[in-house]
Amino acid sequence: MGHFGHDHDGHEGHGGHTHQHTHTGEDGQTYTHTHQHTHGGDHNHDHSGVQAVAVLQYMLEHNIHHAKELSDMASQFEGEARHQLLHAVESFDQANGYLSGALEELKKQRQ
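Residue 131, in this note's numbering, is where the sequence shown stops; the numbers in between run on with no holes.
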């Protein structure tokens with residue numbers, strides 16, 4: 021996935037991976053997305069302005085989706101597995117709180 025004018029294709033050798041997931045949008049349509057993530061290497065972007073807000077909004081929505089998936093999965097298990105999955109949901113919720121706060125501040129700065 022590219023953002024900020026930077027395409028991540030070909031970065032698998034730098035600790036990256038690709039994954040795909042499907043979800044149903046508010047309009048009832050089913051969407052399948054493929055995302056590539058890299059871990060490491062130089063990552064020089066201008067993370068300000070409109071693009072930053074768009075990417076942060078995407079990340080927040082993506083995290084909310086994953087937290088819901090983990091919560092649904094946790095309900096299928098008992099014991100320590102369920103306990104650990106619910107901790108993972110809490111971690112997403114905490115991260116989402118920070119992302120929401122950052123988004124609100126960036127939106128205020130742009131007004």
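Glycine is no exception: its CB is placed at the ideal position from the N, C-alpha and C atoms. Please read these numbers as outputs of a predicted model, since none were measured by experiment.
Check, Outcome
"Output the distance between the C-alpha atoms of M93 and V70, rounded to the nearest integer angstrom.", "35 Å"
"Just to confirm my understanding: we take I84, look at its own chain, exclude 5 residues before and 5 after, and list those with CB closer than 8 Å. What are they?", "F112, N116"
"Which stretch, first to last residue, makes up the alpha helix (DSSP H) that contains E89?", "69 to 94"
"Alpha carbon to alpha carbon, how far is Q131 from F97?", "46 Å"
"Hey, could you find the ends of the alpha helix (DSSP H) E110 is sitting in?", "99 to 130"
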